[in-house]
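The next block holds one structure in the form of structure tokens; read it before the comments.
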Amino acid sequence: MNKCKGYSKMLFLALLLVTFVTGVASNAQAGTTPVALGAAGDYVILAKSGITNVPTSIITGAIGVSPITYAAITGFSLTPVVPDVTTVFSTSAQVIGKVYAADYVEPTPTNLGAAVLDMQAAYTDAAGRAPDYTELGAGNIGGLTLPPATYKWGTVVTIPTDVTLSGGPNDVWIFQIAGGLTQASATKVILTGGALAKNVFWQAAGVVALGTTAHFEGIVLSATAITLNTGATVNGRLLAQTNVTLINNTVTQPAP
Numbered sequence: 058m059n060k061c062k063g064y065s066k067m068l069f070l071a072l073l074l075v076t077f078v079t080g081v082a083s084n085a086q087a088g089t090t091p092v093a094l095g096a097a098g099d100y101v102i103l104a105k106s107g108i109t110n111v112p113t114s115i116i117t118g119a120i121g122v123s124p125i126t127y128a129a130i131t132g133f134s135l136t137p138v139v140p141d142v143t144t145v146f147s148t149s150a151q152v153i154g155k156v157y158a159a160d161y162v163e164p165t166p167t168n169l170g171a172a173v174l175d176m177q178a179a180y181t182d183a184a185g186r187a188p189d190y191t192e193l194g195a196g197n198i199g200g201l202t203l204p205p206a207t208y209k210w211g212t213v214v215t216i217p218t219d220v221t222l223s224g225g226p227n228d229v230w231i232f233q234i235a236g237g238l239t240q241a242s243a244t245k246v247i248l249t250g251g252a253l254a255k256n257v258f259w260q261a262a263g264v265v266a267l268g269t270t271a272h273f274e275g276i277v278l279s280a281t282a283i284t285l286n287t288g289a290t291v292n293g294r295l296l297a298q299t300n301v302t303l304i305n306n307t308v309t310q311p312a313p
């Protein structure tokens with residue numbers, strides 16, 4: 058009889074623990090709303106100090122720089138080569154979209170200025186959300202399957218092996234990273250269950266670096282630089298408060 062009581066108590070505690078953990082995930086999922094990008098959401102790549110490219114990359118969506126000039130967009134063979142008083146945007150064989158810079162004619166400078174302000178506001182919004190989980194994996198999230206929630210680290214975050222984000226099309230993930238974010242070569246960020254890249258936000262104070270042939274999903278909000286090594290691919294947006302560096306990459310804006 059005492060043994061049966063002991064088993065019953067253990068079963069009760071186990072059920073209580075499962076309920077608690079499920080409740081945390083459920084509350085996080087219900088309470089997390091997407092980060093508003095505003096005008097920054099009009100760009101697949103937006104940077105303040107430059108976009109450097111080693112050809113050939115394939116970029117789907119608009120790219121822009123501000124307050125720096127068009128001269129800081131390199132490696133795209135822009136047309137026109139030198140902007141004139143009629144240049145609102147340039148084009149490139151590597152960009153399925155338009156290329157904008159702060160020294161093009163109106164309304165481009167005004168639009169870019171608004172986009173940069175919205176990019177910075179989005180970074181602040183993402184960084185200020187109340188976290189559901191802190192210091193998960195001591196910053197190593199490789200091999201994990203993560204439910205929708207807000208995650209916070211006071212360190213760098215690494216993705217040494219594939220990481221999976223599992224949730225539905227309306228679920229949101231926010232990653233708050235006080236340091237940089239490094240993804241190893243040939244690894245993947247995987248979305249399952251209908252999760253969408255437009256609802257995944259990576260806010261990082263340090264450099265975001267994707268390894269060779271790595272695949273990444275989501276919106277990067279970086280206070281510093283974003284660097285993609287050879288062959289890395291992104292389904293998302295690269296929004297940097299300094300510069301973005303590309304080397305033979307594919308970057309595609311996420312589905313709406």
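Per this note's numbering, the sequence shown runs over residues 58 to 313. Backbone N, C-alpha and C fix where the C-beta goes; we use that ideal spot for every residue, glycine too.
Boundaries of the alpha helix (DSSP H) around L169: 165-185.
A direct Cα-to-Cα measurement between V142 and N292 gives close to 35 Å. The C-alpha of L193 lies about 46 Å from the C-alpha of V145. In this structure, the alpha-carbon of I216 lies about 26 Å from that of K105. Around the CB of T249, fewer than 16 other CB atoms lie within 10 Å, so the residue is classed as exposed. With a threshold of 16 other beta carbon atoms within 10 Å, A312 falls short and is exposed. In this structure, S123 is the residue among T89, Q240, S123 with its C-alpha nearest to the C-alpha of L174. In this structure the stretch 232-243 does not lie against the stretch 120-140, because fewer than three pairs of beta carbons, one per stretch, are closer than 8 Å.
Distance between I108 and I130, taken at the CA atoms: about 5 Å.
DSSP links N292 through a beta bridge to E274, T309.
Distance from the CA of T284 to the CA of G263, rounded to the nearest whole angstrom, comes to 11 Å.
DSSP, reduced to helix, strand and coil, places L193 within a helical segment of the structure shown.
In this structure, Y100 places its C-beta atom within 9 Å of the C-beta atom of A172. Judged by their CB atoms, K255 and H272 are not nearer to each other than the 9 Å cut-off.
Taken through DSSP and simplified to helix, strand or coil, K255 comes out as helix. DSSP places F146 outside any beta strand (DSSP E), giving it a letter other than H or E. W259 and T221 have their C-alpha atoms some 14 Å from each other.
Scanning T218, A282, A97, A261 for the CA closest to the CA of T212 turns up A261. Each of V152, A282, R294, T290 was checked against the Cα of T302, and the nearest Cα belongs to A282. The beta carbon of D219 lies closer than 8 Å to those of G199, G200, T244, K245, V246, I247 in the same chain, with the five residues before and after it left out. Looking at the DSSP output, Q240 shares a beta bridge with I216, L267.
Residue burial is scored here from C-beta neighbours: T165 has at least 16 other C-beta atoms within 10 angstroms and is therefore classed as buried.
For N300, the uninterrupted beta strand (DSSP E) segment begins and ends at 300-304.
Taking C-beta separations shorter than 6 Å and ignoring five residues to either side along the sequence, the partners of P226 in its chain run G251, L253, following chain order.
Judged by DSSP secondary structure, Y157 falls within the beta strand (DSSP E) whose first and last residues are 152-158.
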